[in-house]
Structure formats: C-alpha cells, structure tokens
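Residues in the sequence shown are numbered from 46 upward in steps of one, following my numbering. Report on one structure; see the data block that follows.
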Amino acid sequence: MSNAIDIQVPDIGEFTDVPVIEIFVKVGDSVKAEDPLVSLESDKATMDVPAPRAGKVKSIAVKVGDKVSEGSVLMAFDGEGASAAPPAPAEAAKPSVSAPPSAVSAPAGVAEVRVPDIGDFTDVPVIEIFVKVGDTVKAEDPLISLESDKATMDVPAPLSGVVQAINVKLGDKVSEGSVILSLATGSATAAPSAAAAVAAAVDAGAAAAPPAPVGASGTGASVDEAAFALAYAGPAVRKLARERGVDLGKVKGTGDHGRIVRDDVEAFAKGGAPSPSPSAGKAAPAAALGGGIDLLPWPKVDFAKFGPVERKELSRIKKISAANLHRNWVVIPHVTTHDEADITDLDQFRVQMNKELEKSGVKLSMLPFMMKAAVATLKKFPEFNASLDGDSLVLKNYWHLGFAADTPNGLMVPVIRDVDKKTVPDIAKEMGELAKLARDGKLKPDQMQGGTFTISSLGGIGGIYFTPIINAPEVSIMGVCKSYWKQHSTDGKNSAWRLTLPLSLSWDHRVIDGAAAARFNVHFANVLADLRRVLF
Ligand code: CAO
Numbered sequence: 046m047s048n049a050i051d052i053q054v055p056d057i058g059e060f061t062d063v064p065v066i067e068i069f070v071k072v073g074d075s076v077k078a079e080d081p082l083v084s085l086e087s088d089k090a091t092m093d094v095p096a097p098r099a100g101k102v103k104s105i106a107v108k109v110g111d112k113v114s115e116g117s118v119l120m121a122f123d124g125e126g127a128s129a130a131p132p133a134p135a136e137a138a139k140p141s142v143s144a145p146p147s148a149v150s151a152p153a154g155v156a157e158v159r160v161p162d163i164g165d166f167t168d169v170p171v172i173e174i175f176v177k178v179g180d181t182v183k184a185e186d187p188l189i190s191l192e193s194d195k196a197t198m199d200v201p202a203p204l205s206g207v208v209q210a211i212n213v214k215l216g217d218k219v220s221e222g223s224v225i226l227s228l229a230t231g232s233a234t235a236a237p238s239a240a241a242a243v244a245a246a247v248d249a250g251a252a253a254a255p256p257a258p259v260g261a262s263g264t265g266a267s268v269d270e271a272a273f274a275l276a277y278a279g280p281a282v283r284k285l286a287r288e289r290g291v292d293l294g295k296v297k298g299t300g301d302h303g304r305i306v307r308d309d310v311e312a313f314a315k316g317g318a319p320s321p322s323p324s325a326g327k328a329a330p331a332a333a334l335g336g337g338i339d340l341l342p343w344p345k346v347d348f349a350k351f352g353p354v355e356r357k358e359l360s361r362i363k364k365i366s367a368a369n370l371h372r373n374w375v376v377i378p379h380v381t382t383h384d385e386a387d388i389t390d391l392d393q394f395r396v397q398m399n400k401e402l403e404k405s406g407v408k409l410s411m412l413p414f415m416m417k418a419a420v421a422t423l424k425k426f427p428e429f430n431a432s433l434d435g436d437s438l439v440l441k442n443y444w445h446l447g448f449a450a451d452t453p454n455g456l457m458v459p460v461i462r463d464v465d466k467k468t469v470p471d472i473a474k475e476m477g478e479l480a481k482l483a484r485d486g487k488l489k490p491d492q493m494q495g496g497t498f499t500i501s502s503l504g505g506i507g508g509i510y511f512t513p514i515i516n517a518p519e520v521s522i523m524g525v526c527k528s529y530w531k532q533h534s535t536d537g538k539n540s541a542w543r544l545t546l547p548l549s550l551s552w553d554h555r556v557i558d559g560a561a562a563a564r565f566n567v568h569f570a571n572v573l574a575d576l577r578r579v580l581f
C-alpha cells in the first residue's frame, strides 16, 4: 500500500508568507535526505528547505511565487519509497550546524553541533564561548565566536536544546566539521531551524570574505571571494558552486532579478551559456535592473609575450585584506572630502613635549594628537562613530580607534581602545607597541577588533591627498598625508607660512551627508589648530 508523506516548511524563525523562489525537484525525482527541495526568500535571507529523508517526489503542492509559512505543505513523498529508505538513524539523531534543517522533528537525543562551512579557513581560534553546560539555548542563539585573521564569525545553534557538554575551550583551533558541543534535544525542540543553518552559512561567507587559495576550487581556477559573497544566490546554489569550483561572481543569473540558479552553475561549470529558465524571458540582466554588477571578465594577458616576468604569490594578509577592501569598496558608497589643518602651533608643542619626554623613551609623532582630536570630533558628530545595522544606526558610546599600519606582509589595522581616557604619551606608547606587533606578525585578533573609527596616516611617507577605503563596519575613515609649509592669508593682503596637514575623510553616504562630512573636517582641523578645543 502506498501512502504519501507530507513535507512541510520547517521552523523559519519569525518569517511568514515567504515566497518560494526556486523548486529544485520535480514529480518522480528520487531524492536523498538533505537534498535541497525548494528555496525560500524573505527580505532578509534566502533559505533552502532540504529533504528531511530520502524518498520519491509524489506531488508538488507549491509553485514559484507562492507564499509559505512554517507548516505549509510543500510536496508529498511516496510513503513506500520513504519507508524503504529511511534516514540513517545516527544522522537524524545528530544533526550538525552545517547540515540543513529538517522539516520533521528529529528524534529526541543528543545532537552534536559542528563548525559549519567557513570558507577556506582552517584552524580558526575560538575567541568566545557564549554558553555553558546546562544552558538552554534556542535555535539561532550564538554558541561560539571564531576569529580568522580579519573576520569574526558567530556559530549559532542549529536547534533548540540544553547544552550537555562543550568540546572546545577558548583558544582552541577549529575547522569545518569540528564538534563544538552536544545539545540534548527533546522531541518538541528537535526541529532544526532553517534560519540558524542559513545564518551560519551566510555570516561565515559574508563576514569572513575568506581568500581563495589559487587552485582551491574544483576547476583549479581562483575564486574571487568578495564577488562570490556578493553574488545573488541561495545557499544550495552556493554549495553547488563550491563543489563544482565555480566562481559565482562570474555567473550570470537567469532567475528572477538575475538570481543565480542551479542550472546557471551547471552550465557555467560545463563552460556553456546558462540555459534559459522559465523566468528568463522576463528577467533583464542583473546590471540593467540595478541588482548586480555586470562587468566584463578580467583581461587575461600573457605578459611574458611582452617581456620577462616573475610571479609572486600574495601574502595571506594581502589576500584577506584584498577581499575585505574589495567588499567594502563595492558595497559602501564612498565619498571623500578633503580639507587641511593648520598644525603650526601643535607641531611646536609636539617638538617641545618630545624634549620634555626625552628621558621617558616615548616619542610623539602627530598621530596620537590626531587621535585625541578625532575623539573630540567624533563626540560632536556621533554618527561618524557608528555602524549601520539594516535600517538602524548603532551609535557607540566608546571610542576605540584603529590606525593603518604598513607591515612587510601588508596592511593591518590595530585598534587602540578607549582613546578618550588615555593621554597622548600613553597612546603613542601603545601605538608603537601595536605597530611593532603588527610588523612582526604577532597581533592577536582582539587587538584588531572593536574599532569605531580609523586613521590612516601616510604622513611619514608623503603624498597630499588620497581616498582611504572605509574599514567596515565603521562608517568613516580619516586619511592624512605629509604636512607641508604653505603661505596662508586670511585677508588677501598679509600672509604667513603655516605648517599644513592635508586631510582626506572618506564617509559612507548611506549614513553621512556631505554637509556633515565638511563640518566634521572643519571641526577636526580646528581642534588640531588649537588643541585646547578638546576641552569643549
Ligand atoms: N607630516 C609630516 N611628518 C610626519 C607626519 C605628517 N603628517 N606623520 C608622521 N610624520 C613624521 C614623524 O614625525 C616621523 O618623523 P621623525 O622620524 O623625524 O620623528 C616620521 O614621519 C615617521 O613617522 P612614523 O610613520 O614612524 O610614525 P607615525 O606615528 O606617524 O605612524 C604608523 C605610525 C604605524 C601609522 C606608520 O608607521 C605607518 O605604518 N604608516 C602607514 C599607514 C598606511 O599604510 N596607510 C595607508 C593605508 S591604505 O593602503
């Protein structure tokens, strides 16, 4: 006797009426447990619903565009096929973070929570553990935080339960698949959360923007991770792209609004053009819709044809910062406002203070003074000391300032905490220590975290103006170049030579307007011209 098993939408957090954007199977298909069945897209996330068990698709109850919520029936599996091929009991009892959610309750038991796909990172240190044994956690609650060289990733709970054992401690190095902890799950709490699994995958991908070692993909081609992270595609398609070694950033989507679907990846992997999908007729190219970046392929040139060449692999730091800089440049609408500050008096004061501090061993450059001036200015203009979180601005009541440090391996940004509470010599001393650690490759992750604003100084080198790239999730960055003597007149008749510091403030136009940026620069310059203004 054949009876059908309904496959329903699992717990997808608070989302309701979420459109079905892709159906991966058709009637008659045999699927394995965890194969993706459909993709749902809320305004915040794309979620795949995987098969809760192996089976044969008997009927499909939804079509693309239908809106569904938790419990909506998506399709039916053939009961006979399903009972003939039940999910492996061990797998069902031990879902992992990287495993997709199940539409049916997993049996009560102990679930091992593992590190999900975190790109190409391995041996990533655990920097924070948010739970302890005995804690009750809900699906999506953060469990631990991992820190790669430049990004922090939280691993959320894939399902609700009670923490039974924790397998990691602070400082332990973990990779994809490492067991983090065990959760005791009751039958009522055992349905893994789609949102949690998706959050892990999306966060890791977006935050880490990990560098792709050349040849890491199946095709041997290098993957532009920043473009991969920005590509408009669901988790299953991303997974498929990873498996096939396809650089998603290069794939043209034929789904609605240019979304990349499985066929696009398969076609790209085969080297062919994507086959037209049912929606392709109405879908304009991504760039035309403003939903993506439709660029020409990177020029491939045999440079050796023109003269002798050498090939040098980028350092790990350079690869990581390249991916982060690329993302920040592409995602943030940057504008740079230039100004200049009269630092004649401040520089005299600096020289005088250096004489007085000679025996202490601390030497003051202009940068620690700029840090104090920046804090005074940030306090007047709090939206510059903030981060964008969806439609809200998170204003920070602390002033941790990063400074760009040039190191043999590439650019690093150490962070000096609580600059408002420190003296100029304290800041100079700490800056010297952090810059040395950076140059020696010994900076710890927490010494690069928590920054609210960054100063990038090329003053010791040269130049007049440049466009610094904002260090996301910050919203502005101050670039300064070498001070120079300039004849200055306030009335057009009399003039004097003044030591002038060129300023270049880059700001996120989603958060900051041009007038505010100009006022910020004016205030910053006024404080540098007369440091007594920090008292006001
Ligand atoms: N105008 C004129 N002289 C300046 C100056 C300025 N704006 N800023 C610094 N100087 C002088 C210093 O006083 C020092 O002079 P002395 O040797 O005579 O004492 C000299 O230049 C070297 O200073 P410094 O660079 O060692 O010290 P700093 O505190 O200014 O900067 C640090 C420290 C770590 C920020 C710097 O060494 C560095 O790495 N800068 C590069 C940052 C960078 O790469 N930014 C670009 C990021 S975008 O790719």
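No residue lacks a Cβ here, since even glycine has one placed at the ideal position from N, Cα and C.
Grab me the residues of residue i's own chain with a C-beta within less than 6 Å of its C-beta, minus the 5 sequence neighbours each way, in chain order.
i: Ala473; result: Val407, Leu409, Pro413
i: Ala517; result: Asn373
i: Gly508; result: Cys526
i: Tyr510; result: His383, Pro547, Ser549
i: Thr181; result: Val207
i: Ala570; result: Asp384, Ala386
Please work out which residues of its chain come closer than 7 Å, Cβ to Cβ, to residue i, disregarding the five sequence neighbours upstream and downstream, and give them in chain order.
i: Phe175; result: Pro187, Leu188, Ile189
i: Ser117; result: Gln53, Val54
i: Ala325; result: Because Ala325 carries a pLDDT of 37, less than 50, the predicted location of this residue cannot be relied on, and no value is offered for it.
i: Phe60; result: Ser87
i: Glu519; result: Ser432, Gly496, Thr497, Phe498, Thr499
i: Gly226; result: The question names Gly, but residue 226 in the sequence shown is Leu. Within the same chain, Leu226 has close Cβ partners Val158, Leu188, Val208, Ala210, Ile211, Asn212.
i: Phe581; result: none
i: Val354; result: Phe348
i: Asp309; result: Val296, Lys297, Gly298, Thr299, Pro319
i: Phe666; result: Outside the modelled stretch of the chain, which goes from 46 to 581, sits residue 666, for which no answer is possible.
State the beta-bridge partners of residue i as determined by DSSP.
i: Ser227; result: Glu157, Ala210
i: Phe122; result: Ile50, Val102
i: Gln189; result: The amino acid occupying residue 189 in the given sequence is Ile; Gln does not appear at that position. In DSSP, Ile189 forms a bridge with Ile174, Val200.
i: Val380; result: Trp552
i: Ser582; result: This structure gives no information on residue 582, because the portion of the chain shown stretches from 46 to 581.
i: Gln397; result: In DSSP, Gln397 forms no bridge with anything.
i: Pro547; result: Glu385
i: Ile338; result: None, per the DSSP bridge assignment.
i: Trp374; result: Paired residues: none, contrary to the question.
i: His533; result: Ala541
i: Ser75; result: Lys101
i: Lys363; result: According to DSSP, which records beta bridges pairwise, Lys363 is partnered with nothing at all.
i: Val113; result: Val63
i: Ile305; result: Ala278
Under 7 Å: does the beta carbon of residue i sit that close to some heavy atom of the ligand ADP?
i: Lys467; result: Ligands present in the displayed structure are limited to the ligand CAO, and the ligand ADP is not among them.
For residue i, which residues from the same chain have a beta carbon less than 8 Å from its beta carbon, with the 5 sequence-adjacent residues on both sides left out?
i: Asp62; result: Lys112, Val113, Ser114
i: Pro378; result: Asp553, His554, Arg555
i: Val464; result: Met416, Lys417, Ala419, Val420, Trp444, His445, Leu446, Ile472
i: Gly559; result: Val380, Thr382
i: Gln492; result: Pro459, Val460, Leu479, Leu482
i: Ala49; result: Lys103, Ser104, Ala121, Phe122, Asp123, Gly124
i: Arg462; result: Tyr443, His445, Gly495
i: Asp390; result: Ala574, Asp575
i: Ala240; result: Summary for Ala240: the model assigns pLDDT 29, below 50, so the residue's position carries little reliability, and this model does not support an answer.
Would the stretch 483 to 490 count as touching the stretch 446 to 465 if we require 3 or more Cβ pairs under 8 Å? yes
Could I get the ranges of all uninterrupted alpha helix (DSSP H) runs contained in the stretch 430 to 495, with 4 residues as the minimum, in chain order? 469 to 484
Segments of 4+ residues assigned as alpha helix (DSSP H) that fall wholly inside the stretch 489 to 529: none
Report yes or no: do the stretch 522 to 530 and the stretch 543 to 550 share at least 3 C-beta pairs separated by less than 8 Å? yes
Quick check: the stretch 216 to 223 against the stretch 159 to 173, are there 3 or more CB pairs under 8 Å? yes
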